[in-house]
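Written out below as structure tokens is the structure these notes cover.
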Amino acid sequence: MSKSTPQTVYVVTGANRGIGLGLAKGLLSRPFLTVVATCREPAVTSCNAELAAAPTGEGSTFAVFALDPATISSTAELRARFVKETGLDRVDVLIANAGMATSMGDAVDTTAEDLQSHFAVNTTAPLLTFQALWPLMQIVKVPKLFTISSSVGSIEIMELSGGAYGPSKAALNWLTKRLHVECEKEGLVSVAVHPGWVQTSNGEYAAKAWGYPGKPPLTVEQSIKGVLEVVDKAARDTTSGKFVSYDGQILPW
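Numbering (UniProt numbering), first residue to last: 1 to 253.
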């Protein structure tokens, strides 16, 4: 990939399955985009195959970048490896989607280990990924960050038990809003996005944990359509610094 590529560059983390893969495919189907899909090392081959077989818009390209969200130790090293392996020296849009959801019980039963593992993947990793790519994002006119959150992380709604998952998403929401405030001068558009309750492995795990009969209500395709509409419409003076549902509704923190 040439460093002089004129396409808008999107980075989607956790893109080997579910919402992340759907987002990467949805973007790749559009014309004149560069999509960097990140996933853990064991999934690189399958992710490459999925995207290679997906419909591709005119002039669009993709790259798969190995990234384990739980093991980021140096943002400078991550940035250097990203530039070297992708050949890109700028990023327009970061969609921080990678996450885990294996603790959905009551807070009184949530363990320290569950909290630590969920915060590492759902809170710390998105921030470190942003920090690593931020120098490349500042090159573009309107840098954009979208963190894939969840209504389970809403402190006001408190709709269902969230174990370690809920508080890790609440903390992610705080960071998303804080980056909106801190990066005002650079014009960062920073939005926390609720993708809906989706028929993914995480969504189906939650359904079982909560005793929900049947599958979650949204298909991946329905969620992706809404999330990409939020991404497309996002602007500094409209949805930046807010918590937005896939259907465009503004959610309470």
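Ideal Cβ positions, reconstructed from N, Cα and C, are used throughout, including at glycine.
For Ala107, write down the residues that DSSP places opposite it in a beta bridge.
DSSP, once it has assigned bridges, lists no residue as partnering Ala107.
So Lys141 is in the beta strand (DSSP E); what residue range does that whole segment cover?
Taken as a continuous stretch (DSSP letters only), Lys141 belongs to no beta strand (DSSP E), as it is neither H nor E.
Same chain, Cβ closer than 7 Å to Val140, neighbours up to 5 away in sequence not counted
Taking Val140 as the centre and dropping the five residues before and after it, the same chain places the C-beta of Arg90, Asp92 closer than 7 Å to its C-beta, in chain order.
Leaving out the 5 sequence neighbours to the left and right, which residues in its chain are closer than 7 Å to Val227 when beta-carbon positions are compared?
Closer than 7 Å at Cβ, skipping near neighbours: Leu23, Val193, Pro195, Tyr246.
Out of Asn48, Thr34, Leu51, Phe130, point me to the one whose CA is closest to Cys183's CA.
Phe130
Taking C-alpha atoms, which residue in Pro213, Ser223, Leu175, Ser190 lies nearest to Ile19?
Ser223
So what does DSSP say about Ala88, is it helix, strand or coil?
Per the sequence shown, residue 88 should be read as Leu rather than Ala. Leu88: coil per DSSP, three-state reduction.
Which term fits Pro167, buried or exposed, when burial requires 16 or more other beta carbons within 10 angstroms of its beta carbon?
buried
Tell me the start and end of each unbroken beta strand (DSSP E) in the segment 174 to 199 that is at least 3 residues and wholly inside, in chain order.
189 to 194
The ligand HEM and Pro143: does any heavy atom of the ligand fall closer than 8 Å to the residue's C-beta?
Inclusion of the ligand HEM in the displayed structure is not the case, the ligand content being empty and no account of it being possible.
Which same chain residues, not among the five before or five after Cys39, have their C-beta less than 6 Å away from its C-beta?
Ala15, Asn16, Cys47
Assign Lys25 to one of two classes, buried (16 or more other C-beta atoms within 10 Å of its C-beta) or exposed (fewer than that).
buried
Please return the same chain residues whose Cβ sits closer than 7 Å to the Cβ of Glu50, not counting the five positions on each side in sequence.
Scanning its chain for C-beta atoms nearer than 7 Å, with the 5 sequence neighbours on each side dropped, one finds around Glu50 the residues Leu21, in chain order.
What does the alpha-carbon distance come out to for the pair Gly105 and Gly248?
If you take the alpha carbons of Gly105 and Gly248, they lie about 28 Å apart.
Determine the contact status of Thr123 and Leu188, defining contact as a CB-CB distance below 9 Å.
no
Buried or exposed for Lys84, please, with buried defined as at least 16 other CB atoms from any protein chain shown within 10 angstroms of its CB.
exposed
Could you check where the beta strand (DSSP E) with Thr8 kicks off and where it finishes?
8 to 12
Can you tell me where the beta strand (DSSP E) with Phe243 in it begins and where it stops?
243 to 245
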